[in-house]
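Quick notes on the structure that follows.
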Ligand SMILES: [Zn+2]
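In the numbering used here, the protein residues as written are 1 to 446.
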């Protein structure tokens, strides 16, 4: 089994991994780098091409697969979940693998469809919507392969751990998960299946390690729900404007926000293109319990006319909008820069149900935005949130259940990934022998 670690092994974003067994190659995730996309936007690049995205480092450098002679052997592109750093590269790169079937859950595939349409990219590959916890079969040149999509919790809907069963052993892809026993939507992780695969014997585990340096288990989404309840209740009776910003992909969180927002008797409006994309994907996947409770505006003139109303009737609306990372051209960014008919005033309320993604661009941009808002006198409630990523305790459990022969930490800088090495060492793994830090384009053979 050969593994080419194409993207996401030295930084956060543009995840992509290729696994080769005999004459067959399987690709896991094809993401984009959000900071690189932000840089492009800051350079005023609005129309993307594959070439431009490659130059900017915004999509994975999959040309490694051409050099290795693997490109024409790719049988499937398997997507673990709907975050753009996992699926956002597909519209740009799938054409290079015309014989590969693209597979993902209903929510992930609906989102892929939306982003491809948005970028006017027509994906010609065969596409399969998989049901969670159902095994898929792929016929390759060197054999038949079973692929398990195993339900797991994270911070968006219908996320999967993926097990590729090959004649050389099981490759297990665990990138972006937390082990949440009390999710707000859907089931807890499918522990039974994870343990079953562990018993069959996992040859290689690719393990999300971004927050491996954080002690304990990752907190449940139920905790975030309580924080949201508290945050909204604390400003429920104010007569000022009330805004909430969260991750558009976090449908569970949006559900909690809407449920408590309804108790304020304010009209709930969702503003922003990415909210529109993810909510519509949820509707397509029949996973949007609050569909009837909200109205969504995505185009600039629609958004502006809603904001004009909010400006006039501040206590009548609760606005859920994009911009918690202070992204250029997000709703909050445009409001703060005075580019909309709405202006924040002293005493208005803004809840951030998010945390700042730990990359320098986001951290700086948010600091600047918060400063401006605080100067106006907007009451900010920050980090009304819990993480969707595995911490030390989740990794401990995963290693106990899977007992993999080899581990490759991913999804961060080496510094962020390194604590996962220390965790594995407690289980007897040795750095360089059966746990490895990799880099872009490197091939590991097991
Ligand atoms: Zn994710």
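Every residue, glycine too, gets a C-beta built ideally from N, C-alpha and C.
Measure the C-alpha to C-alpha separation of residue i and residue j and round it to an integer number of angstroms.
| i | j | result |
| --- | --- | --- |
| residue 309 | residue 134 | 48 angstroms |
| residue 373 | residue 242 | 13 angstroms |
| residue 251 | residue 156 | 6 angstroms |
| residue 282 | residue 107 | 6 angstroms |
| residue 34 | residue 85 | 7 angstroms |
| residue 89 | residue 31 | 5 angstroms |
| residue 263 | residue 293 | 12 angstroms |
| residue 17 | residue 29 | 7 angstroms |
| residue 74 | residue 99 | 7 angstroms |
| residue 285 | residue 91 | 20 angstroms |
| residue 424 | residue 3 | 20 angstroms |
| residue 172 | residue 269 | 41 angstroms |
| residue 67 | residue 443 | 12 angstroms |
| residue 224 | residue 158 | 19 angstroms |
| residue 164 | residue 174 | 12 angstroms |
| residue 203 | residue 83 | 27 angstroms |
| residue 9 | residue 416 | 10 angstroms |
| residue 70 | residue 63 | 10 angstroms |
| residue 1 | residue 406 | 12 angstroms |
| residue 20 | residue 191 | 27 angstroms |
| residue 170 | residue 446 | 12 angstroms |
Identify whether residue i lies in helix, strand or coil by the three-state DSSP scheme.
| i | result |
| --- | --- |
| residue 353 | strand |
| residue 2 | strand |
| residue 9 | coil |
| residue 390 | coil |
| residue 362 | helix |
| residue 398 | helix |
| residue 297 | strand |
| residue 292 | helix |
| residue 125 | coil |
| residue 447 | Here the chain has residues from 1 to 446 only, and residue 447 is not among them. |
| residue 339 | coil |
| residue 370 | helix |
| residue 459 | The chain is shown only over 1 to 446; residue 459 falls outside these bounds and no answer can be derived. |
| residue 284 | helix |
| residue 262 | helix |
| residue 131 | coil |
| residue 380 | strand |
| residue 160 | strand |
| residue 311 | helix |
| residue 55 | helix |
| residue 326 | coil |
| residue 188 | coil |
| residue 44 | coil |
Which residues in the same chain as residue i place their Cβ atom closer than 8 angstroms to its Cβ, once the five residues preceding and following it in sequence are excluded?
| i | result |
| --- | --- |
| residue 61 | 6, 7, 54, 440, 441 |
| residue 218 | 178, 179, 180, 211, 386, 387, 388, 389, 390, 391, 393, 394 |
By Cβ distance, which residues of its chain are closer than 6 angstroms to residue i, with the 5 residues on each side in sequence left out?
| i | result |
| --- | --- |
| residue 334 | 340 |
| residue 189 | 152, 153, 179 |
| residue 201 | none |
| residue 276 | 296, 298 |
| residue 303 | 271, 297 |
| residue 213 | 419 |
| residue 167 | 143 |
| residue 246 | 253, 353, 354 |
| residue 127 | 102 |
So residue i is in the beta strand (DSSP E); what residue range does that whole segment cover?
| i | result |
| --- | --- |
| residue 75 | 74 to 78 |
| residue 445 | 442 to 445 |
| residue 333 | Run containing residue 333: none in the beta strand (DSSP E); it sits in the alpha helix (DSSP H), 331 to 336. |
DSSP beta-bridge partners for residue i?
| i | result |
| --- | --- |
| residue 33 | According to DSSP, residue 33 bridges with nothing at all. |
| residue 321 | 245, 271 |
| residue 165 | 146, 170 |
| residue 99 | Beta-bridge pairing links residue 99 to no other residue. |
| residue 138 | 145 |
| residue 178 | 153 |
| residue 27 | 18, 77 |
| residue 409 | 207 |
With residue i as the anchor, note down where its alpha helix (DSSP H) starts and where it stops.
| i | result |
| --- | --- |
| residue 113 | 106 to 118 |
| residue 194 | 191 to 200 |
| residue 230 | 221 to 235 |
| residue 420 | 414 to 426 |
| residue 86 | 84 to 87 |
Which same chain residues, not among the five before or five after residue i, have their C-beta less than 7 angstroms away from its C-beta?
| i | result |
| --- | --- |
| residue 328 | 38, 41, 42 |
| residue 412 | 12, 209, 210 |
| residue 229 | 260 |
| residue 307 | 340, 341, 342 |
| residue 130 | 103, 104, 105, 136, 149 |
| residue 255 | 184, 185, 289, 290 |
Tell me which residues pass a beta-carbon proximity test against ligand 3: closer than 5 angstroms to any heavy atom, given in chain order. For ligand 3, the structure offers nothing, since it holds only ligand 1.
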